[in-house]
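In the numbering used here, the protein residues as written are 120 to 374.
Please read the structure below before turning to the comments.
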């Protein structure tokens, strides 16, 4: 296992962001020479300087802890279970969002797309998939694209796969992760595309089109995340809320 210095890790993050040392220095309000000295190990940055540079590089909280450890400092950010007493307010807020979104589906998932919570409107869709795919941790990408999951209901599977591919490719470019890489290779690698599915006349968002009980449902989604999180768990979860894209789809959920 390769052990990197804090300077080497910062340089890797700077390269991922496509920034020069001068770009980072200007953003962090320090000199380019200081950034160079930190990256080459000729200057030992303080914990505050590490976090200052990490903030400008949009480094996830989990990786900011790694930077601090590499610099000889204690981690700054905790990682608690979502049901921990310290996260009660956040947990309650998520439950309120999920309940308020009914009768439409909503799911909460972590950085690896493992489902953390759902609302009741999701349950009828889960009933359509193979039971082994519902054993924890339930992965949203696998659930959506696996032949024994929701994939057999999705009319425009190529479109949905392309959306997942774009989102996970962007994640991996932002913060590499072996689990996500394996998930990408399993379900999203080039060559797994189907022929283009049904075309739609909506040019604002690409809907997911499902054939359920002989009815065609068109859904689009939005993503909600917490602002300014200080806990790793809260930093890494997102709420995906699905909305009907037309009146016929809306009536399916309100009936």
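Idealized CB from N, CA, C, for every residue including glycine.
All values derive from a computational prediction rather than experimental measurement.
*Got a sec: does the ligand ZN put a non-hydrogen atom nearer than 6 angstroms to the Cβ of residue 181?*
Summarising the ligand content, the structure contains no ligands, and the ligand ZN is consequently not present.
_Pair within 7 angstroms by beta-carbon distance, residue 216 and residue 358_ = Taking the chain shown and counting its residues from 1, the one referred to as residue 216 is at position 97. Taking the chain shown and counting its residues from 1, the one referred to as residue 358 is at position 239. Result yes, Cβ atoms of residue 216 and residue 358 sit closer than 7 angstroms.
*Any idea if residue 374 is buried or exposed, counting beta-carbon neighbours within 10 angstroms, 16 or more meaning buried?*
Walking along the chain shown from the start, residue 374 turns up at place 255. Exposed, since its Cβ has fewer than 16 Cβ neighbours within 10 Å.
*Kindly list the residues whose CB is nearer than 6 angstroms to the CB of residue 209, restricted to its own chain and excluding five residues on each side of it in sequence; keep chain order.*
Working through the chain shown from its first residue, we reach residue 209 at position 90. Within the same chain, residue 209 has close Cβ partners 353.
*Looking at the unbroken alpha helix (DSSP H) that takes in residue 181, where does it start and where does it end?*
Locating residue 181 in the chain shown gives position 62, counting from the first residue. Per DSSP, residue 181 belongs to the alpha helix (DSSP H) from 180-189.
*Three CB pairs or more closer than 8 angstroms across the stretch 293-306 and the stretch 239-247*: no
*Within 10 angstroms of the Cβ of residue 188, are there 16 or more other Cβ atoms? Answer buried if so, exposed if not.*
The count along the chain shown starts at 1 and reaches residue 188 at position 69. Label assigned to residue 188: exposed.
*Going by DSSP, which residues form a beta bridge with residue 350?*
Mapped onto the chain shown, residue 350 falls at position 231. Answer is 197, bridged to residue 350.
*Cβ-Cβ distance between residue 65 and residue 262 below 7 angstroms*: Residue 65 is absent from the model: the chain starts at 120 and stops at 374.
_Contact under 7 angstroms by Cβ, residue 137 with residue 158_ = On the chain shown, residue 137 is found 18 positions in, with the first residue counted as 1. On the chain shown, residue 158 is found 39 positions in, with the first residue counted as 1. Cβ atoms of residue 137 and residue 158: not closer than 7 angstroms.
*Kindly indicate which residue of 168, 365, 151 and 211 has the alpha-carbon position closest to the one of residue 192.*
Mapped onto the chain shown, residue 192 falls at position 73. Selection 168, 365, 151 and 211 evaluated against residue 192 yields 168 as nearest (Cα-Cα).
*For residue 190, which of 326, 180 and 124 has the nearest alpha-carbon?*
The residue labelled residue 190 in the question sits at position 71 within the chain shown. Nearest of 326, 180 and 124 to residue 190, Cα basis: 124.
_Whole alpha helix (DSSP H) elements within the stretch 240-310, 4-residue minimum_ = When DSSP assignments are scanned along the stretch 240-310, the uninterrupted stretches of alpha helix (DSSP H) that are 4 or more residues long and fall wholly within it turn out to be 242-245, 259-264, 276-293 and 297-306.
*asked:* If I follow the unbroken beta strand (DSSP E) through residue 336, where does it start and stop?
replied: Indexing the chain shown from 1 puts residue 336 at position 217. 334-343 is the span of the beta strand (DSSP E), which, as asked, contains residue 336.
*Should residue 328 and residue 274 be called a contact, given that it needs their Cβ atoms to be closer than 7 angstroms?*
Taking the first residue of the chain shown as 1, we reach residue 328 at position 209. Taking the first residue of the chain shown as 1, we reach residue 274 at position 155. In this structure, residue 274 lies closer than 7 angstroms to residue 328 by Cβ.
*Considering only the beta carbon of each residue, do residue 326 and residue 334 sit closer than 7 angstroms?*
Residue numbering aside, residue 326 sits at position 207 when the chain shown is read from its first letter. Residue numbering aside, residue 334 sits at position 215 when the chain shown is read from its first letter. No, they are not a contact pair.
*Of all the options 160, 200, 143 and 203, which has the alpha carbon lying nearest to the alpha carbon of residue 177?*
Position 58 of the chain shown, counted from the start, is the residue given in the question as residue 177. Checked all of 160, 200, 143 and 203; the closest Cα to residue 177 is 143.
_CA-to-CA distance, residue 150 to residue 224, given in whole angstroms_ = Translated into positions along the chain shown, residue 224 becomes position 105. Translated into positions along the chain shown, residue 150 becomes position 31. Cα-Cα distance, rounded: 49 angstroms.
*Could you give the residue range of the alpha helix (DSSP H) that holds residue 146?*
Position 27 of the chain shown, counted from the first residue, corresponds to residue 146. 140-147 is the span of the alpha helix (DSSP H), which, as asked, contains residue 146.
*asked:* Tell me which residues share the same chain as residue 180 and place their Cβ nearer than 6 angstroms to its Cβ, disregarding the 5 neighbours each side in the sequence.
replied: As a first step, residue 180 is located in the chain shown; it is residue number 61 there, counting from the start. So the qualifying residues of the chain are 196, 351 and 354.
*Which of helix, strand or coil DSSP assigns to residue 156*: By 1-based counting over the chain shown, the position of residue 156 is 37. The answer is helix: DSSP assigns residue 156 an H, G or I state.
*Please list, in chain order, all residues of the same chain as residue 284 whose beta carbon is under 6 angstroms from its beta carbon, the five residues on each side excluded.*
Here residue 284 is taken as the residue at index 165 of the chain shown, counted from 1. Closer than 6 angstroms at Cβ, skipping near neighbours: 307.
*Can you give me the Cβ contacts of residue 146 inside the same chain, cut-off strictly under 7 angstroms, excluding the 5 residues immediately before and after it?*
The count along the chain shown starts at 1 and reaches residue 146 at position 27. Once the five neighbours on either side are set aside, the close Cβ partners of residue 146 are 175.
*Compute the beta-carbon to beta-carbon distance between residue 340 and residue 371, rounded to the nearest angstrom, for a pair I have assumed lies under 8 angstroms.*
Position 221 of the chain shown, counting from 1, holds the residue named residue 340. Position 252 of the chain shown, counting from 1, holds the residue named residue 371. Contact doesn't hold; Cβ gap of about 16 angstroms is too wide.
_Using 8 angstroms for Cβ pairs, my map puts residue 129 next to residue 186. What's the rounded Cβ distance?_
Locating residue 129 in the chain shown gives position 10, counting from the first residue. Locating residue 186 in the chain shown gives position 67, counting from the first residue. About 7 angstroms separates the two Cβ atoms, so the contact holds.
*Exposed or buried, residue 184, counting other C-beta atoms within 10 Å across all chains shown (16 or more means buried)?*
Numbered from its first residue, the chain shown carries residue 184 at position 65. Residue 184 should be labelled buried.
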